[in-house]
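First the structure, in the form of structure tokens, and then the observations on it.
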Ligand SMILES: Nc1ncnc2c1ncn2[C@@H]1O[C@H](COP(=O)(O)OP(=O)(O)OP(=O)(O)O)[C@@H](O)[C@H]1O
Ligand SMILES: [Mg+2]
């Protein structure tokens with residue numbers, strides 16, 4: 001058993017579109033639950049198929065198997081909910097005039113590209129908060145590589161954005177207190193008691209905490225699913241570089257959909273040969289990172305029977 005990724009609290013599954021991320025995340029989650037860990041599998045794919053794999057329907061959150069829950073995040077819905085929540089929080093603490101200005105700022109910020117990722121990230125932090133009390137493990141089935149990387153670099157982007165807001169707010173407070181005869185105590189009082197500033201600082205602390213969690217290789221890790229084909233390999237190589245640059249720990253790679261032996265057929269013989277070449281490249285490029293190899297199954301992985309097959313294969317290897 002590769003303890004390096006098995007004992008983590010959060011495992012992200014990433015990789016190129018269609019390589020088997022959702023399948024592997026579901027199988028890994030189920031295996032963990034069967035081994036006694038209270039597990040949550042979270043999907044951020046708007047076209048949800050987590051429920052489908054278990055041949056069930058979870059309305060946002062529901063049970064997938066004993067000890068295993070599923071959560072399907074809807075990025076568009078979360079984004080709208082997130083904006084409403086931020087506004088609500090501020091509404092309670094500021095005057096209507098200031099509120100108009102804040103609403104404009106919040107809307108501008110969240111209409112910007114990346115707003116859905118920001119909302120998904122906020123949800124991700126919610127899930128971290130549920131660790132320990134409710135779950136031992138949270139498995140994230142992420143969107144294809146590019147989006148995921150943007151998502152993971154968000155704590156920094158968001159923290160920078162909030163930093164700017166905090167600075168603006170502090171400047172406004174300073175001007176205010178200068179107008180009030182310039183007493184230092186007044187300035188400090190304004191900052192101490194400013195609820196907007198407090199809200200902003202709380203949010204910044206939340207993002208900072210999430211970032212600290214992400215880069216902690218004792219807690220979180222990233223697993224790539226790859227097929228023995230040119231493009232998935234290239235994309236995974238690029239993604240690995242970006243993650244390493246951002247100090248996000250990589251737990252390893254699952255090679256999925258390996259062809260069976262060709263049994264003399266010329267066409268499949270050639271395909272298998274090609275696959276061997278790609279596999280050799282995977283072994284070279286990702287030395288020491290291969291956690292498991294999964295064969296191409298005769299059918300799609302839908303329903304418990306097929307999923308159990310994948311779980312059994314994984315069980316022998318991790
Ligand atoms: N080992 C396998 N054998 C046979 N079929 C597989 C295997 N792994 C995955 N599949 C099938 O391949 C398809 C894509 O798998 P999956 O949905 O897990 O990929 P994904 O990486 O999550 O895709 P997306 O990027 O669209 O989210 C599904 O129909 C799934 O059932
Ligand atoms: Mg998927």
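In the working numbering, the protein residues as written are 1 to 318. By construction, the Cβ of each residue, glycine as well, lies at the ideal position given by its N, Cα and C atoms. A quick note: this is a predicted structure, and the numbers were derived from the prediction, not measured.
Worksheet entry | Same chain, Cβ closer than 8 Å to residue 62, neighbours up to 5 away in sequence not counted | On the chain shown, position 62 is the one that residue 62 refers to. Excluding positions up to five away in sequence, the list reads 51, 56, 69 and 70.
Worksheet item: What number of angstroms, rounded off, separates the C-alpha of residue 215 from the C-alpha of residue 209?
Response: Within the chain shown, residue 215 is the residue found at index 215, counting from 1. Within the chain shown, residue 209 is the residue found at index 209, counting from 1. Going from the Cα of residue 215 to the Cα of residue 209 covers about 10 Å.
Worksheet entry | Segment contact flag, the segment 262–281 with the segment 193–209, C-beta cutoff 8 Å, min 3 pairs | No contact exists between the segment 262–281 and the segment 193–209.
Discussion item. Am I right that residue 224 and residue 14 are in contact with their C-beta atoms under 8 Å? What's the rounded C-beta distance?
Written reply: For the purposes of this step, residue 224 is taken as the residue at position 224 of the chain shown. For the purposes of this step, residue 14 is taken as the residue at position 14 of the chain shown. Between residue 14 and residue 224 the Cβ distance is about 5 Å, and since that is below 8 Å, they are a contact.
Item to complete: Pull up the DSSP beta-bridge partners for residue 256, would you.
Response: Numbered from its first residue, the chain shown carries residue 256 at position 256. BP columns for residue 256 point to 227.
Item to complete: Can you have a look at residue 167 and say buried or exposed, based on whether 16 or more other CB atoms are within 10 angstroms of its CB?
Response: To locate residue 167, count along the chain shown from 1; it is residue 167. Looking at its Cβ environment, which holds fewer than 16 other Cβ atoms inside 10 Å, residue 167 is exposed.
Worksheet item: How do the segment 79–90 and the segment 117–126 stand: do at least 3 beta-carbon pairs fall below 8 Å, yes or no?
Response: Proximity of the segment 79–90 to the segment 117–126 meets the contact definition, three or more beta-carbon pairs being nearer than 8 Å.
Item to complete: Compare the Cα-Cα distances from residue 72 to each of 86, 127 and 88 and report the closest residue.
Response: Along the chain shown, read from residue 1 onward, the residue named residue 72 stands at position 72. Minimum Cα distance to residue 72 is reached at 127.
Worksheet item: Would the beta-carbon of residue 311 fall within 7 Å of that of residue 31?
Response: Indexing the chain shown from 1 puts residue 311 at position 311. Indexing the chain shown from 1 puts residue 31 at position 31. The answer is yes: Cβ separation under 7 Å.
Worksheet item: Do residue 44 and residue 142 come within 7 Å of each other at the CB atom, strictly closer than that value?
Response: The count along the chain shown starts at 1 and reaches residue 142 at position 142. The count along the chain shown starts at 1 and reaches residue 44 at position 44. Yes, the Cβ-Cβ distance between residue 142 and residue 44 is below 7 Å.
Item to complete: Would you tell me roughly how many angstroms separate the C-alpha atoms of residue 11 and residue 296, rounded to the nearest one?
Response: Counted from its first residue, the chain shown places residue 11 at position 11. Counted from its first residue, the chain shown places residue 296 at position 296. Going from the Cα of residue 11 to the Cα of residue 296 covers about 23 Å.
Worksheet item: Tell me which same chain residues have a C-beta within less than 7 Å of the C-beta of residue 319, skipping the five on either side of it?
Response: Because the chain here runs from 1 to 318, residue 319 falls outside it and cannot be looked at.
Worksheet item: Relative to the C-alpha of residue 107, which residue among 35, 129, 99 and 83 is closest?
Response: Within the chain shown, numbered from 1, the residue matching residue 107 stands at position 107. Ranked by Cα distance from residue 107, the first of 35, 129, 99 and 83 is 83.
Worksheet item: Mind checking whether residue 211 and residue 155 have CB atoms under 7 Å apart?
Response: For the purposes of this step, residue 211 is taken as residue 211 along the chain shown, with counting starting at 1. For the purposes of this step, residue 155 is taken as residue 155 along the chain shown, with counting starting at 1. Cβ atoms of residue 211 and residue 155: closer than 7 Å.
Worksheet item: So who's on the other strand from residue 250, going by DSSP bridges?
Response: One-based indexing of the chain shown puts residue 250 at position 250. Paired residues: 222.
Worksheet item: For ligand 2, is there a heavy atom less than 6 Å away from the beta-carbon of residue 22?
Response: Taking the chain shown and counting its residues from 1, one reaches residue 22 at position 22. Under cutoff, so the answer is yes.
Discussion item. With a threshold of 6 Å (Cβ to nearest heavy atom), would residue 45 be considered close to ligand 2?
Written reply: Here residue 45 refers to the residue found at position 45 when the chain shown is read from its first residue. Yes; taking the cut-off as 6 Å, the Cβ of residue 45 has a heavy atom of ligand 2 nearer than that.
Worksheet item: Taking the alpha helix (DSSP H) that residue 196 falls in, what are its first and last residues?
Response: Reading the chain shown from its first residue, position 196 is the one you call residue 196. Per DSSP, residue 196 is one residue of the alpha helix (DSSP H) stretching across 195–214.
Discussion item. For ligand 1, is there any heavy atom lying closer than 6 Å to the beta carbon of residue 195?
Written reply: As a first step, residue 195 must be located in the chain shown, where it is residue number 195. For ligand 1, not one heavy atom lies less than 6 Å from the Cβ of residue 195.
Item to complete: May I ask you to list the residues that DSSP assigns as paired with residue 39?
Response: One-based indexing of the chain shown puts residue 39 at position 39. 68 and 137.
Worksheet item: Would residue 276 be called buried (16 or more neighbouring beta carbons within 10 Å of its own) or exposed?
Response: Within the chain shown, numbered from 1, the residue matching residue 276 stands at position 276. Here residue 276 is exposed. Its C-beta has fewer than 16 other C-beta atoms within 10 Å.
Practice prompt. Return yes when the C-beta of residue 10 is under 6 Å from any heavy atom of ligand 1, and no when it is not.
Written response: Numbered from 1 along the chain shown, position 10 holds the residue referred to as residue 10. Not so, every heavy atom of ligand 1 lies at least 6 Å from the Cβ.
Fill in: Start and end residues, beta strand (DSSP E) containing residue 292
Taking the first residue of the chain shown as position 1, residue 292 is located at position 292. Here the beta strand (DSSP E) through residue 292 covers 290–295.
Worksheet item: Is residue 17 near ligand 1, in the sense that its beta carbon is under 6 Å from a heavy atom of that ligand?
Response: Start at 1 with the first residue of the chain shown, and residue 17 comes out as number 17. For residue 17, the Cβ falls inside the 6 Å cut-off from some heavy atom of ligand 1.
Discussion item. Measuring only the C-alpha atoms, how far is residue 305 from residue 257?
Written reply: Walking along the chain shown from the start, residue 305 turns up at place 305. Walking along the chain shown from the start, residue 257 turns up at place 257. Approximately 17 Å between the Cα atoms of the pair.
Discussion item. According to DSSP, simplified to helix, strand and coil, what is residue 171?
Written reply: Along the chain shown, read from residue 1 onward, the residue named residue 171 stands at position 171. Reduced to three states, the DSSP call for residue 171 is helix.
Discussion item. Can you tell me whether residue 20 is buried or exposed? The criterion is at least 16 other CB atoms within 10 Å of its CB, across all chains shown.
Written reply: Reading the chain shown from its first residue, position 20 is the one you call residue 20. Residue environment analysis places residue 20 among the buried positions, since at least 16 neighbouring C-beta atoms fall within 10 angstroms of its C-beta.
Discussion item. Mapping the DSSP letters down to three states, classify residue 124 as helix, strand or coil.
Written reply: Within the chain shown, numbered from 1, the residue matching residue 124 stands at position 124. DSSP places residue 124 in helix when its eight states are reduced to three.
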